[in-house]
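Enquirer:
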Amino acid sequence: MKFPTPQTLENIAVIIGSDYVGEPNFPVFGMNEIHVVQPGDIVFVDHPKYYDKALESQATVILINKEVECPVGKALLISEDPFRDFNKLTHYFKPFRSSNSAISEYAEIGEGTIIQPNVFVGNNVKIGTNCVIHSNVCIYDNTIIGNNVTIHAGTVLGSDAFYYKNRPEKFDKLLSGGNVVIEDNVDLGALCTIDKGVTASTTIGEGSKLDNQVHVGHDTVIGKRCLIASQVGIAGCVLIEDFVTIWGQAGITSGITIGEKAVISGQSGVSKSLVGNKAYFGTPADDFRTKYKELASIKLIPDIIKKLDELS
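Counted the way our numbering counts, the sequence shown spans residues 228 to 539.
1. Between the C-alpha atoms of residue 523 and residue 505, what's the straight-line distance to the nearest angstrom?
2. Restricting to Cα atoms, I'd like to know which of 292, 287 and 360 is closest to residue 188.
3. Whose C-beta lies closer than 6 Å to the C-beta of residue 389 among residues of the same chain, with five residues either side of it excluded?
4. Quick one: what's got a C-beta closer than 6 Å to residue 459's C-beta in the same chain, skipping five residues either side?
5. Below 8 Å, can you find three or more Cβ-Cβ pairs linking the region 268-276 to the region 322-333?
6. Please report the straight-line C-alpha distance between residue 297 and residue 281, rounded to a whole angstrom.
7. Of all the options 480, 513 and 499, which has the alpha carbon lying nearest to the alpha carbon of residue 492?
8. Expressed to the nearest angstrom, what Euclidean distance is found between the alpha-carbon atoms of residue 344 and residue 309?
9. Residues in its own chain within less than 6 Å of residue 321 by CB, not counting five upstream and five downstream?
10. Taking the beta carbon of residue 246 as the centre, do at least 16 other beta carbons fall within 10 Å, making it buried, or is it exposed?
11. Taking 6 Å as the line, does the beta carbon of residue 332 fall inside it for any heavy atom of the ligand COA?
12. How would you call residue 544, buried or exposed, if buried means at least 16 neighbouring beta carbons within 10 angstroms?
13. Under 6 Å Cβ to Cβ from residue 346, same chain only, skipping five residues before and after it: list those, please.
14. Quick check on residue 350 - is its C-beta less than 7 Å from some C-beta in chain C?
15. With a CB to CB cut of under 8 Å and the five nearest residues on each side skipped, what residues in its chain are close to residue 391?
16. I'd like to confirm the pairing. Which residues does DSSP put opposite residue 271 in its beta bridges?
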């Protein structure tokens, strides 16, 4: 997430009420999570396990809960609670703004696009040409939709990321300041839910087709011409490369990559990254043929036990 205008280290420290290490005029251009940071960004870290990863990342400002040696060319924001202060920045630069109409006056809708009754279109939404948006679709602020996109009834684009910190007294929500991007020629079925990114974009690539009741978690990126069947659940921060097929009710854990042209069978549970150009089945998902050989072997176990009993 880039700030509307460049900031300085001192300005950011004033906003969150923290100390800092570095030149007061050190430039700050945005804020992002660790997996999408770029030079000029702030990243937050609040656990010793991830200190080195944050300090060595592309981020040039590290919001951290310990005084450490500042890497050359970078700056630090010292905070007793980086999670809280990251939320402060999101709230400051991307505050929630309520709408007073079903279709915001600040939305841009392209020529030839059809908006059916009872659709909600939020602030700063951009919709391309020749799209069809069916009834009861909800399009949250800052969503970007390309050309020739069809979205069926009840789908929600831009709901908050499912991201919480487990504190002793409650679950503390990480605010979402990202958005959703739907590229050209995408079809979305009825009752799909696509969460916005925490700081970046959740993206559905050009020509991809999602069936009814598909869930896509925050910051996930789906490539071009993917085919995803009904009731698939995809967690946050997943990278699905081009031409992937995922059949019904498959579940995919967070932070993994599914390679190009992979095929995942229905009801499979994907718990680790999968290479492309292969078919997968089962829980945990594995090579299709290997998994079926395992299942065939399991069926032989009762006979094997019986023969062992007879021998004894």
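Backbone N, C-alpha and C fix where the C-beta goes; we use that ideal spot for every residue, glycine too.
Expert: Walking through what the data contain:
1. 20 Å
2. The chain is shown only over 228 to 539; residue 188 falls outside these bounds and no answer can be derived.
3. none
4. 441, 473 and 477
5. no
6. 12 Å
7. 513
8. 43 Å
9. 404
10. exposed
11. You won't find the ligand COA in this model; it holds no ligand whatsoever.
12. An answer regarding residue 544 cannot be provided, because it is not within the stretch 228 to 539 covered by the chain.
13. 360 and 364
14. No chain C is part of this structure, which consists of one protein chain only.
15. 398, 399, 400 and 401
16. 290
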